[in-house]
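Student:
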Amino acid sequence: MTRRIVLTGVGWLVALAFLLPYLQMFVTALKPERELTRSPGTYLPSHWTWSNFTDVWSAAPVWTYMRVSLTVAAAATLVTLACAMPAAYYTARNRFRGRGAFLLLVLVTQMFAPTALVIGIYREMVALDLTDTLLSLILVNAAFNLPFCIWILHGYFSSIPKELEEAAFLDGAGRVRALTRVTLPISMPGVVTAIVYTFIAAWNEYIVALTVTASPDRRPLTVGIPSFVTQYQAHWQYLFATSLIAIIPVVVLFVFIERYLIGGLTAGSVK
Amino acid sequence: MRDPKTGERGAAASTAPRPSLLRRTGRALAPLPWLAPSLALIATVVLWPVIEMVRTSLQKISSSGVTLGYRGGGNYTDLFGEDDLVPVVLRTLLWVAGVVVITMVLSLALGQLLNARFPGRRVVRWAVIVPWAASVLMTALIWKWMLDNYSGLVNRVLLDLHVIDEPVNWLAHPGQAMLWMMWVAVFVSLPFTSFVILAGLQTIPADVYEAARVDGAGSVRTYFAITLPLLRPAVLIASIINVINVFNSFPIIWAMTGGGPGSKTDTTTTFMYKLAFYDQNVGESGAMAVVNFALILVMVLLYLRAARWREEVR
Numbered sequence: 001m002t003r004r005i006v007l008t009g010v011g012w013l014v015a016l017a018f019l020l021p022y023l024q025m026f027v028t029a030l031k032p033e034r035e036l037t038r039s040p041g042t043y044l045p046s047h048w049t050w051s052n053f054t055d056v057w058s059a060a061p062v063w064t065y066m067r068v069s070l071t072v073a074a075a076a077t078l079v080t081l082a083c084a085m086p087a088a089y090y091t092a093r094n095r096f097r098g099r100g101a102f103l104l105l106v107l108v109t110q111m112f113a114p115t116a117l118v119i120g121i122y123r124e125m126v127a128l129d130l131t132d133t134l135l136s137l138i139l140v141n142a143a144f145n146l147p148f149c150i151w152i153l154h155g156y157f158s159s160i161p162k163e164l165e166e167a168a169f170l171d172g173a174g175r176v177r178a179l180t181r182v183t184l185p186i187s188m189p190g191v192v193t194a195i196v197y198t199f200i201a202a203w204n205e206y207i208v209a210l211t212v213t214a215s216p217d218r219r220p221l222t223v224g225i226p227s228f229v230t231q232y233q234a235h236w237q238y239l240f241a242t243s244l245i246a247i248i249p250v251v252v253l254f255v256f257i258e259r260y261l262i263g264g265l266t267a268g269s270v271k
Numbered sequence: 001m002r003d004p005k006t007g008e009r010g011a012a013a014s015t016a017p018r019p020s021l022l023r024r025t026g027r028a029l030a031p032l033p034w035l036a037p038s039l040a041l042i043a044t045v046v047l048w049p050v051i052e053m054v055r056t057s058l059q060k061i062s063s064s065g066v067t068l069g070y071r072g073g074g075n076y077t078d079l080f081g082e083d084d085l086v087p088v089v090l091r092t093l094l095w096v097a098g099v100v101v102i103t104m105v106l107s108l109a110l111g112q113l114l115n116a117r118f119p120g121r122r123v124v125r126w127a128v129i130v131p132w133a134a135s136v137l138m139t140a141l142i143w144k145w146m147l148d149n150y151s152g153l154v155n156r157v158l159l160d161l162h163v164i165d166e167p168v169n170w171l172a173h174p175g176q177a178m179l180w181m182m183w184v185a186v187f188v189s190l191p192f193t194s195f196v197i198l199a200g201l202q203t204i205p206a207d208v209y210e211a212a213r214v215d216g217a218g219s220v221r222t223y224f225a226i227t228l229p230l231l232r233p234a235v236l237i238a239s240i241i242n243v244i245n246v247f248n249s250f251p252i253i254w255a256m257t258g259g260g261p262g263s264k265t266d267t268t269t270t271f272m273y274k275l276a277f278y279d280q281n282v283g284e285s286g287a288m289a290v291v292n293f294a295l296i297l298v299m300v301l302l303y304l305r306a307a308r309w310r311e312e313v314r
């Protein structure tokens, strides 16, 4: 009984510690601008300036940033899934020459991050004349999230008994039909984990977008938001209001798949 | 890589009547439609930049980005001549080791907590996920604001608790700034590593613990003799992915200090970025990128050894 009380207490303290920075973000987003230069700072806003949340939309092209982030994240997720699903399925179901090499390649590319290759990516995009395009961001985000998705899905597909599909073959279904009708529905937790993981990683990507895009209307939220605070202006309240607008939908998505996420990690990487 | 299973299969096939060349080619190409999209994407967006990076490091490139020709090892000579290079590399290693060790110790505890049963566990799990879902950049920016020397929450709380007498400009001093940034790196790493540990804990069957209880093992003994060894794969995966991420955690440093003052809080990634886009020295930056990449490759090799270790255990 005391163990339960201690655990609950510790648990709630941990939760608070993790949420504190974001609560601070929320409180700062509600302060009037003149209060932000006060020293020492205030704990709570003297005047709860809810209008900050409506003013940001005209203070900067937030709507454009959001549209860019959405387009890039959604397209990258689609591309990743379209590439990862067949590869993960085939390698999970068949033993063939080159299978080991392919899985090794996936494992190795999983170890690379865009940050480490940004100079190469930048030079490649210059060579392909793709700088300042959304296509470049879509391709980079798709490629760098592909390995994790193949890994997760490979784990899921491998855990589904072959017999289930063989029964479908006997009923006259083809490979693709067996995949879409039998295997895919059972692997939904893995697919959902892959979708959300990729979407969020692309939504939050920073360095490649910072390097490759230049025009204001091709900047995602991560690159657009910091421009509220520069050497010429310091609208911290807008910065954090926009940050919350960008974070909350993503957090909701993540909370929604929390249960699948643990299963996905168990099947994909830990086992 | 030799796969013992394909080896067996090849032997079986050779005793069967030899299929025609056409059929054999057909069989060899059968995986292609399934793998080609992934291969194409990896080749063009991951492998091409690797080659491009190495090429860049050997070229003379003007400040406007025009290639002026081959330069041999000149960029490397320039890079190794930089006074800042050795401190930056050492700082990077310290940064990675410090952040990863602290993160792993804390996630082992957090994983246990998230796996235990208590009222409100779901909510605690959701709270722990938040820094993972939020972008690292925005988390770094809120910490920068909390550490602000005039209006920041950290100074306000410490003043009210009488720990300090006057506000401290935390991010202006390299030592203090590094410690705070390492804390932020730990904070954003904890969700992923804790969830991998949690996933690992859930693969341990309950009867193992029952057997330990029957043998009269205490909870501390059980943890070190049973839980920790069985968690080894999870700890391995979590720490290696964490090493790679921390190595590449550009946004934290970029948003909080920009590597400054001077290059006193730079790691290899911010140093590389500054060389290319501030000093307009793309060639030398390419050389830095290659050196950085070599460091990461060493870690990949360690990972592959660890992965093989997993196969042996299985």
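Residue numbers (UniProt numbering), protein chains in the order written: chain A, 1 to 271; chain C, 1 to 314. Heads up, the beta-carbon is just placed ideally off N, CA and C, and yes, glycines get one too.
Chain C partners of TYR156 (chain A), CB-CB under 7 Å?
Tutor: In the first sequence, the residue the question calls residue 156 (chain A) occupies position 156. Neighbours of TYR156 (chain A) on chain C: none; closest Cβ ~13 Å, over 7 Å.
Student: List the residues that DSSP assigns as beta-bridge partners of LYS60 (chain C).
Tutor: Indexing the second sequence from 1 puts residue 60 (chain C) at position 60. In DSSP, LYS60 (chain C) forms a bridge with C:GLY69.
Student: What residues match up with ALA234 (chain A) in a beta bridge as DSSP calls it?
Tutor: Your numbering for residue 234 (chain A) matches position 234 in the first sequence. Paired residue(s): A:VAL229.
Student: Roughly how many angstroms separate the alpha carbons of MET125 (chain A) and LEU78 (chain A), rounded to a whole number?
Tutor: Taking the first sequence and counting its residues from 1, the one referred to as residue 125 (chain A) is at position 125. Taking the first sequence and counting its residues from 1, the one referred to as residue 78 (chain A) is at position 78. For MET125 (chain A) and LEU78 (chain A), the distance between alpha carbons rounds to 21 Å.
Student: Grab me the residues of GLY111 (chain C)'s own chain with a C-beta within less than 7 Å of its C-beta, minus the 5 sequence neighbours each way, in chain order.
Tutor: The residue labelled residue 111 (chain C) in the question sits at position 111 within the second sequence. If we look at GLY111 (chain C) and ignore the five residues flanking it on each side, its Cβ neighbours are SER194, ILE197, LEU198 and LEU201.
Student: Determine, for MET25 (chain A), whether the minimum Cβ-Cβ distance to residues of chain C falls below 8 Å.
Tutor: Your numbering for residue 25 (chain A) matches position 25 in the first sequence. Yes, its Cβ sits closer than 8 Å to a Cβ of chain C.
Student: Look at the alpha carbon of VAL196 (chain A) and the alpha carbon of LEU147 (chain C), and state the distance between them as a whole number of angstroms.
Tutor: Within the first sequence, numbered from 1, the residue matching residue 196 (chain A) stands at position 196. Within the second sequence, numbered from 1, the residue matching residue 147 (chain C) stands at position 147. One C-alpha to the other measures close to 32 Å.
Student: Nearest CA to the CA of SER57 (chain C): which residue from C:ALA36, C:GLY74 and C:GLY120?
Tutor: Position 57 of the second sequence holds residue 57 (chain C). Of C:ALA36, C:GLY74 and C:GLY120, the residue nearest in Cα terms is C:GLY74.
Student: Show which residues of chain C have a CB atom less than 9 Å away from the CB atom of VAL250 (chain A).
Tutor: Working through the first sequence from its first residue, we reach residue 250 (chain A) at position 250. Residues of chain C passing the Cβ test: ALA133, ALA134 and SER135.
Student: Please confirm whether ARG121 (chain C) has its beta-carbon closer than 8 Å to some beta-carbon of chain A.
Tutor: Taking the second sequence and counting its residues from 1, one reaches residue 121 (chain C) at position 121. Yes, contact with chain A.
Student: Please report the distance separating the alpha-carbon of SER46 (chain A) from that of LYS31 (chain A).
Tutor: Position 46 of the first sequence, counted from the first residue, corresponds to residue 46 (chain A). Position 31 of the first sequence, counted from the first residue, corresponds to residue 31 (chain A). Distance between the alpha carbons of SER46 (chain A) and LYS31 (chain A): 7 Å.
Student: Alpha helix (DSSP H) containing ARG175 (chain A): first to last residue?
Tutor: Here residue 175 (chain A) refers to the residue found at position 175 when the first sequence is read from its first residue. Taken as a continuous stretch (DSSP letters only), the alpha helix (DSSP H) holding ARG175 (chain A) covers 175–178.
Student: Take the Cβ of HIS235 (chain A) as the centre, count every other Cβ of all protein chains shown within 10 Å, and call the residue buried at 16 or more, exposed below.
Tutor: For this step, residue 235 (chain A) is matched to residue 235 along the first sequence. Looking at its Cβ environment, which holds 16 or more other Cβ atoms inside 10 Å, HIS235 (chain A) is buried.
Student: Per DSSP, what kind of secondary structure is residue 315 (chain C) in: helix, strand or coil?
Tutor: Because chain C is modelled from 1 through 314, residue 315 (chain C) falls outside the range shown and cannot be assessed.
Student: At a Cβ threshold of 8 Å, is PRO45 (chain A) touching chain C?
Tutor: Counting from one through the first sequence, the residue named residue 45 (chain A) turns up at place 45. So no, PRO45 (chain A) is outside the interface.
Student: Taking the alpha helix (DSSP H) that THR2 (chain A) falls in, what are its first and last residues?
Tutor: To locate residue 2 (chain A), count along the first sequence from 1; it is residue 2. From DSSP, the alpha helix (DSSP H) with THR2 (chain A) extends over 2–29.
Student: Provide the residue span of the alpha helix (DSSP H) that contains ARG95 (chain A), from first to last.
Tutor: Working through the first sequence from its first residue, we reach residue 95 (chain A) at position 95. Looking at the DSSP string, ARG95 (chain A) is not in any alpha helix (DSSP H), and its letter there is neither H nor E.
Student: Can you tell me which of the three DSSP states THR92 (chain C) falls into?
Tutor: On the second sequence, residue 92 (chain C) is found 92 positions in, with the first residue counted as 1. It is helical.
Student: Whose C-beta lies closer than 6 Å to the C-beta of ILE252 (chain C) among residues of the same chain, with five residues either side of it excluded?
Tutor: Your numbering for residue 252 (chain C) matches position 252 in the second sequence. Taken in chain order, the residues that qualify are ALA140, MET181, VAL184 and ALA185.
Student: With a threshold of 8 Å between beta-carbons, can VAL298 (chain C) be considered close to chain A, or not?
Tutor: Taking the second sequence and counting its residues from 1, one reaches residue 298 (chain C) at position 298. No, no contact with chain A.
Student: Is TRP50 (chain A) helix, strand or coil when you go by DSSP?
Tutor: Residue numbering aside, residue 50 (chain A) sits at position 50 when the first sequence is read from its first letter. Three-state result, TRP50 (chain A): coil.
Student: Can you give me the start and stop residues for the alpha helix (DSSP H) that ALA140 (chain C) sits inside?
Tutor: Residue mapping note: residue 140 (chain C) aligns to position 140 of the second sequence, counting from 1. It spans 136–146 - the alpha helix (DSSP H) in which ALA140 (chain C) sits, taken as one unbroken run.
Student: Say whether chain C places a C-beta atom closer than 8 Å to the C-beta of TRP57 (chain A).
Tutor: Taking the first sequence and counting its residues from 1, one reaches residue 57 (chain A) at position 57. No, TRP57 (chain A) lies away from the interface with chain C (no Cβ there is under 8 Å from its Cβ).
Student: Use the C-beta contact count for GLU52 (chain C): other C-beta atoms within 10 angstroms, 16 or more gives buried, fewer gives exposed.
Tutor: Translated into the one-based positions of the second sequence, residue 52 (chain C) becomes position 52. With 16 or more Cβ atoms within 10 Å of its Cβ, GLU52 (chain C) is classed as buried.
Student: Chain A partners of GLY286 (chain C), CB-CB under 7 Å?
Tutor: For the purposes of this step, residue 286 (chain C) is taken as residue 286 along the second sequence, with counting starting at 1. Ordered by position in chain A, the residues that pass the 7 Å Cβ test against GLY286 (chain C) are ILE119.
Student: Under 8 Å, CB to CB, which of the residues in the region 123–140 of chain A have a partner in chain C?
Tutor: Flagged, chain order: ARG123, GLU124, VAL126, ALA127, LEU139 and VAL140.
Student: Just the chain A side, please: which residues come within less than 7 Å of ARG71 (chain C) by C-beta, in chain order?
Tutor: Residue mapping note: residue 71 (chain C) aligns to position 71 of the second sequence, counting from 1. Result: empty, since nearest Cβ-Cβ is about 15 Å, beyond 7 Å.
Student: Answer yes or no: does any C-beta atom of chain A fall closer than 8 Å to that of PHE293 (chain C)?
Tutor: Taking the second sequence and counting its residues from 1, the one referred to as residue 293 (chain C) is at position 293. Output row for PHE293 (chain C): interface = yes.
Student: Please report how far the alpha carbon of VAL50 (chain C) lies from the alpha carbon of GLY120 (chain A), in whole angstroms.
Tutor: Indexing the second sequence from 1 puts residue 50 (chain C) at position 50. Indexing the first sequence from 1 puts residue 120 (chain A) at position 120. Cα to Cα, the separation comes out at about 6 Å.
Student: Using alpha carbons as the reference points, say which of A:ARG99, A:SER215 and A:ALA87 lies closest to THR64 (chain A).
Tutor: As a first step, residue 64 (chain A) must be located in the first sequence, where it is residue number 64. The shortest Cα separation from THR64 (chain A) among A:ARG99, A:SER215 and A:ALA87 belongs to A:SER215.
Student: For PHE18 (chain A) versus PRO119 (chain C), is the C-beta spacing smaller than 8 Å?
Tutor: Reading the first sequence from its first residue, position 18 is the one you call residue 18 (chain A). Reading the second sequence from its first residue, position 119 is the one you call residue 119 (chain C). Contact: no.
Student: May I have a chain-ordered list of the alpha helix (DSSP H) segments no shorter than 4 residues that lie completely inside the region 195–247 of chain C?
Tutor: Listed in chain order, the complete alpha helix (DSSP H) runs (minimum 4 residues) inside the region 195–247 of chain C are 206–214, 219–222 and 232–247.
Student: Quick one: does TYR150 (chain C) have its CB under 8 Å from some CB of chain E?
Tutor: Structure shown: chain E not included; protein chains present are A and C.
Student: Since PRO191 (chain C) and VAL88 (chain C) are thought to touch, with beta carbons under 8 Å apart, how far apart are those beta carbons, to the nearest angstrom?
Tutor: Taking the second sequence and counting its residues from 1, the one referred to as residue 191 (chain C) is at position 191. Taking the second sequence and counting its residues from 1, the one referred to as residue 88 (chain C) is at position 88. 28 Å between Cβ atoms; not a contact.
Student: For LYS162 (chain A), count neighbouring C-beta atoms within 10 Å of its own C-beta (all shown protein chains included) and say buried if the count is 16 or more, exposed if not.
Tutor: The residue given as residue 162 (chain A) occupies position 162 in the first sequence. Exposed: under 16 other Cβ atoms inside 10 Å.
Student: If you measure beta-carbon to beta-carbon, which residues of the region 58–79 of chain A are closer than 9 Å to chain C?
Tutor: So the list reads VAL79, given in the order they occur along the chain.
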